[in-house]
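These notes concern the structure reproduced below.
Protein chains in written order, with this note's numbering: chain A, 1300 to 1540; chain B, 11 to 1092; chain C, 5 to 130.
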């Protein structure tokens, strides 16, 4: 019944909705000024990275803390882990016979994985020019990881590498933001690097830089989350995140 | 923000909080890998710098800097996101960060085990800061989510079964709430084309039609749900119950603070819903506190209290915005908020380190003075007693609401506060309970290191400091109101000294302090200062008779006595109320220190008959103390509202302008009178009195009865003078008061007649005697007041003596039942003599002082034409003879018990004050003019003098009273028989009979004492008029308690523990708000 | 392209979004299984994202990227609102984060309770 009433409310909203025929005040400003001010062809990118940069920093933070949270929740205690180790050893043998992927899948993975990751990198580097950006690129990289995990369940992903990349790229993002304060107009102002030639890869100030950090961070964080759900063995001591 | 090369400067901007938290947050996992301790160091440094940043910027704002608007991305808002750091933001951020740092300290043992925990905690705090500072609707959403996700993860950290289940419900609920918020945001953007809150407010006219209505409703529901309104809050309670204290405290005070601030930010577009918000807040406050009554789980109890407090804040902010009274926000909201913030956080930590799930098991800290003191301070703060911020805020709030005539809300708020006080202090009672009668096996002592207490201790200190600042802001110039507390603290510092030394120091300190506080008083106040301070010190001298350590007794006693002095000094109703509450609090704690194992005869449990069965199953002072506190608080609330009513008419707090209350006079007078009557123990509201007097320490009962009860009389006279006489209140309320007084007198006397317990007998007698005084005050005539004040002085004299001699008797016999005594005249002749003189002084027979009081009293009653009251007064005076006779007869006369043969006289220290009091009685009896002149001068400014003196004789319509003459005659008539008696006593032989072994022919006694003549002494009267004195009032109040509890139980049926039900309530909330605000009409 | 049908295209997206939200809520309220509840949440979240995107649509607009088809000078007349697109990007990531945490709660709950039925998780109440 409650949902029925909710439906009435939504219907009310829909019935009164009329499609916009012109841009909102905010959007108008962004579309008009964005390309010159920020130097990014992709206006969504300009909005995401600069105008609403604080949102994006927050978004990166959200991802970071959910990765940390998943890690915290799915951590293993030492006793539990040793126990499991035995179990896994015994499971492993059966798994080896049953669940090992076919050769075709393995070969295809080896072939496709570098391409997927490369594509991810391409997407986040060109975020200011074409559709895409750090999050999309990161997601593509993570999908590569997922692919790897599905195809080759035994493959090992270095936690240390993930942690270092995650931390450093996040920290660098903040540093870039601060550089914006020191060298340009304000926190997360991307214009402390010259805008370059409009439409080039190295243009739009620090956007490619920021998007690279975001891309790396998102990619590695999502991979870490995926890995967490997969992996039953880990060590609390060397695995604090 | 202007670009600057000074990097330090940038970091000290409010934005630095984010930069720091995020930068450090991202790095912590790496640092942790390298070295755990340096990660912890970095973590704490970051938290500390966050406090410093907030503090420095807030300081700049207070010193006149303009509100800081921080832009990002070098673009002006609304095109970029901006933050704001003004006074409110700064205060909120500073407070939250401080609590977060202390909480991290408290919770460090767990936090430091995982890098993730450290970074989540840090980012959670940053998220709250962001919620407070951001001015962008969508950015706010992100900060809400950052906070929520960090909270989820930290809740899940312990990974207990219960905690995980609670966490999942929490996620479900909050994710629906934030979904609502997000939907609202996007539709607001659809209509206004902007996300900047200021821009939205400026373009409010664009939010129209059904879309605008629903969009704002979505935002409102989203935020309100996060504040956990009843009944859509079961998920929050589950988390409070199961999360570790360090996390629960952060959710309760930190996250709620952020959400509350967010709500405050969007209120300008919520005009339509302000009434709904107020109702939701008020409802939540009231109901949570109701349900809290039934709760025994410590943390869930705190959860109910948290939810209640947030409800109160929601109610108040909605009202303030509705009344357009934003100037009051800093004091009221700020005070309530900070009070809740620190007190609740401290309590959660305390609950965590004590680690007792059920409040009944808290007796394990009964021997931990430091924990007890912390608990007491935090609870006191939470309930809003002085000197804490909540007290000032509550005062301001009630004054404001009264001046807007919103008495419904005042009632709701005060009832809620009272309920909250019940369950919070019940918890304290359990903690204080040395011998826990509830649990069979004694719970193990807790071991808590000193270090663990430091964060809690700091919150306590902060509460004191903030309270002081608040009182300065409220223009309380009179710093002397703090004097009692400071003196109490100073005495507490020497509490380890020998009991003799510290008690003498305390008496000296109070004498000096009291002298300076009261020396420049005049009129009625001066008169009462002799009584309360002089008398207080005199009776307190008797406390020296005890040799045990009495930890805490002397500090509290000094607070009590000095707060009486500040009460007399009070110029404004605020000062009066401050002193009043301080007095109530300190006397509550003193009562609580009373009767426990070492001076309580365990046999008392056996000695119950049908009549007193119910009363005697309590063996210590804990429960009576709680009842005492509740009645004191109720009395204080009546007084508060009374003052508020008067303030709404006069617009100032001065006591002397009470009389200008105009049409509100009758209401103000009635409310204030009820307040004071409760404190005096008036008829129907007296049930606390016998319990408390009986169970408090014997010497403290003397102070309570002879001194503290006079504070109520003082209040009554003050209001009668200001409101009754000056503003010419008309007869009706005064007439009612007169009846209340005389009924108190009658029933007090009747109840006293049937008591077996000596202290109860004197307690009821005390109550009855105060009844005459109330009637005297109610007469509103010169003679009436003179008689009232005269009887007040007299009451002080004889009750002081009676309770002190009773203390001596109990000390020696270790008994409280009169039938177990008898014949003590041989062991304690001095005590007997003193008691007898006190009884004569009380009874109103010539020649002693009571006679004069009664004489004037009856004259005044006849003058006024209150014949029925006079008749009842006459009747109760006659009844008084019965119990006084019983006291003398069964305790001192008759046959002595075998085991009492070797008893000694009461200690000299008890006898000295009694002797002095006796001397005063004789002086006053012989020369009443000395006293009456003083009284008359004090009263003259209010009512013109009608006394007629002829030499030493006072003239009245119905005759004259010449005290010295009567004294002479009686003395002559008595001394001759006395001498004869003493002579014959040597030669008379008295036959001795064994006691307790006389078996009647037809009746077989159930217990040996039934055969004793002193047992059920007035059985024949009991058969005749006993039905009048059955404890009907007690039964009534018990029924009230019973009903309240079952009502509370029925209110919590919604909390069935199922996450989906909770989610359904959230949707119902939204739909309900939609319907209530006329959604279907759109 | 909206000449083919009677009402604007974004309304279809909007309504689909609402239907998804309702479906998701229905799932969260009626399904006892935790994983299904999480799916319900995801559905609701997706629904909200669709609503957000549809709000940003401007009749006849195209992606707000300046290129040969959308010259800078005429961009304001040709593109859809970039703001909701930016917001939805953020919202998706947040939804993902919440889902991940919910799933890890479900994993742990299964370990401690040996069940995934929400009506078994009622240890704390009143």
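All residues carry an ideal CB built from backbone N, CA and C; glycine is no exception.
Can you say whether residue 765 of chain B is buried or exposed, counting buried as having 16 or more other CB atoms within 10 angstroms of its CB?
-> buried
### Query
How would you call residue 1060 of chain B, buried or exposed, if buried means at least 16 neighbouring beta carbons within 10 angstroms?
exposed
Requested in this report: Let me know the secondary structure DSSP gives residue 968 of chain B once reduced to three states.
Outcome: coil
- Do you know offhand how far residue 1065 of chain B's Cα is from residue 241 of chain B's? 8 angstroms
Counted within 10 angstroms of its Cβ, other Cβ atoms place residue 859 of chain B as buried (16 or more) or exposed:
buried
Going by DSSP, what residue range makes up the beta strand (DSSP E) through residue 279 of chain B? Looking at the DSSP string, residue 279 of chain B is not in any beta strand (DSSP E), and its letter there is neither H nor E.
Under three-state DSSP, which class holds residue 74 of chain C? coil
According to DSSP, simplified to helix, strand and coil, what is residue 831 of chain B?
coil
Cutoff 8 angstroms; reference residue 671 of chain B; Cβ partners in own chain excluding five residues on either side | 655, 656, 659, 660, 678, 733, 737
Query raised in the report: Count the other CB atoms within 10 Å of the CB of residue 616 of chain B; is the residue buried (16 or more) or exposed (fewer)?
Result: Residue placement at residue 616 of chain B is flagged as unreliable, the pLDDT there being 31, under the threshold of 50; a coordinate-derived value is accordingly withheld.
When you compare the CB positions of residue 320 of chain B and residue 237 of chain B, do they come within less than 7 angstroms of one another, or not? yes
Are the Cβ atoms of residue 84 of chain C and residue 65 of chain C separated by less than 7 angstroms? yes
Just the chain B side, please: which residues come within less than 8 angstroms of residue 20 of chain C by C-beta, in chain order? Those within 8 angstroms of residue 20 of chain C in chain B number zero; the least Cβ separation is about 15 angstroms.
- [ ] Rounded to whole angstroms, what's the CA-CA distance from residue 153 of chain B to residue 381 of chain B? Just pull it up for me.
- [x] 36 angstroms
Taking the DSSP output, what are the residues bridged to residue 146 of chain B? B/206
Less than 7 angstroms between CB atoms is the rule here; does residue 149 of chain B satisfy it with respect to chain E? Given the protein chain composition of this structure (A, B and C), no chain E is represented.
- Message: In whole angstroms, give me the CA-to-CA distance for residue 338 of chain B and residue 330 of chain B.
- Response: 8 angstroms
Of the listed residues B/195, B/572, B/635, B/588, nearest to residue 603 of chain B (C-alpha basis): B/635
* Asked: What three-state label does DSSP hand residue 538 of chain B in the structure shown?
  -> helix
**Study point:** Secondary structure, beta strand (DSSP E): runs of 3+ residues fully inside the region 825–871 of chain B
**Key:** none
Evaluate the contact criterion for the region 531–547 of chain B versus the region 943–955 of chain B: three or more CB pairs, one atom per stretch, below 8 angstroms.
yes
Our contact map puts residue 27 of chain B next to residue 78 of chain B with C-beta atoms below 8 angstroms; I'd like the distance itself, whole angstroms only.
With a Cβ gap of about 12 angstroms, residue 27 of chain B and residue 78 of chain B do not count as contacting.
Notebook entry, point to check: Mind listing which residues of the region 58–87 of chain C have their C-beta closer than 7 angstroms to chain A's C-betas, in chain order?
Noted result: 61, 62, 63, 67, 68, 69, 70, 71, 76, 79, 80, 83, 85, 86, 87
- With DSSP run on the structure shown, which of helix, strand or coil describes residue 48 of chain C? helix
Report task. Using a Cβ cut-off of 8 angstroms, pull out every chain C residue sitting near residue 1320 of chain A, in sequence order please. Result -> 62, 63
- Near residue 3 of chain B, which residues of its chain fall below 6 angstroms by C-beta distance, leaving aside the five closest residues on each side in sequence? Shown here, chain B extends from 11 to 1092; a query on residue 3 of chain B therefore has no answer.
Are the C-beta atoms of residue 121 of chain C and some chain B residue less than 7 angstroms apart? no
Practice problem: Quick one: grab the DSSP three-state call for residue 359 of chain B. | Solution: helix
| request: Answer with yes or no whether the minimum CB distance from residue 156 of chain B to chain A is below 7 angstroms. | output: yes
Review point. If you run the structure through DSSP and keep just helix, strand and coil, what is residue 353 of chain B?
Key: helix
Let's test the definition: count the other Cβ atoms within 10 Å of the Cβ of residue 1090 of chain B and tell me whether it reaches 16, buried, or not, exposed. exposed
Notebook entry, point to check: Three-state secondary structure (DSSP) at residue 78 of chain B?
Noted result: strand
Could you check whether the Cβ of residue 128 of chain C sits closer than 7 angstroms to any Cβ belonging to chain A? no
Q. How far does the alpha helix (DSSP H) with residue 1332 of chain A in it reach, from first residue to last?
A. 1324–1337
Measuring straight from C-alpha to C-alpha, what distance separates residue 819 of chain B and residue 916 of chain B?
7 angstroms
Short CB-CB distance (under 7 angstroms) between residue 252 of chain B and chain C: yes
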